[in-house]
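Chemist: One structure follows; several queries about it will come next.
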Amino acid sequence: MKFSILTALTAIVGSAAAANQAVVTNDCSGTIYVQSWPYNGGAPGPLVTLKPGQKFSENLRSTGSTVKIATTKTLTNPLFFGYSSTSKPNYVYYEFST
8 MKFSILTALT AIVGSAAAAN QAVVTNDCSG TIYVQSWPYN GGAPGPLVTL
58 KPGQKFSENL RSTGSTVKIA TTKTLTNPLF FGYSSTSKPN YVYYEFST
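Numbers given in our numbering equal positions in the sequence shown, counted from 1, plus 7.
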């Protein structure tokens, strides 16, 4: 399974157009599933189906979030893309784990 981690990192830290968004691009040959879970215990976002070449994006949540990325609708064995941010200083922190 190959995810475009570089694309996600670029969108978070380097792109003026997506400076306030978390982005996942499906560079896999098959479908992947993505769902965002806020750190503050709020309701998760919708489960999103991404075909090859499609993108998921969301505005950065002030409380942070974990975006689960997997090849199954049940999000079995996901890649976790977590982020949080601060305004003073204006930083975005991120991590990837399995």
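In this text, a Cβ means the ideal position worked out from N, Cα and C, and glycines have one as well. Given the structure is predicted, the values throughout are model-derived calculations rather than measurements.
Which residues bound the beta strand (DSSP E) around Leu57?
Modeler: Segment Val55 to Leu57, the beta strand (DSSP E) holding Leu57.
Chemist: Identify whether Leu82 lies in helix, strand or coil by the three-state DSSP scheme.
Modeler: Here Leu82 sits in coil by DSSP.
Chemist: Write down the C-beta distance between Gln28 and Glu65 rounded to the nearest angstrom, noting that I regard them as a contact closer than 8 Å.
Modeler: Indeed, because the Cβ distance is near 6 Å, the residues count as touching under 8 Å.
Chemist: To which residues of the same chain is Ile76 closer than 7 Å at the C-beta, ignoring the five residues directly before and after it?
Modeler: Answer for Ile76: Phe10, Val31, Ile39, Val41, Pro85, Leu86 and Phe88, listed in chain order.
Chemist: Is Ala50 helix, strand or coil when you go by DSSP?
Modeler: Coil at Ala50, not helix or strand.
Chemist: Give the secondary structure of Pro45 by DSSP, where H, G and I count as helix, E and B as strand, and everything else as coil.
Modeler: Strand at Pro45.
Chemist: Along the chain, where does the beta strand (DSSP E) that runs through Asn97 open and close?
Modeler: It spans Asn97 to Ser104 - the beta strand (DSSP E) in which Asn97 sits, taken as one unbroken run.
Chemist: By the 10 Å Cβ neighbour count, where 16 or more other Cβ atoms means buried, how is Asn97 classified, buried or exposed?
Modeler: Burial call: exposed.
Chemist: Could you check which residue in Gly52, Gly37 and Thr73 has the C-alpha nearest to that of Tyr101?
Modeler: The shortest Cα separation from Tyr101 among Gly52, Gly37 and Thr73 belongs to Thr73.
Chemist: Taking the beta strand (DSSP E) that Thr70 belongs to, which residues open and close that run?
Modeler: Where Thr70 is concerned, there is no enclosing beta strand (DSSP E), given that its DSSP letter is neither H nor E.
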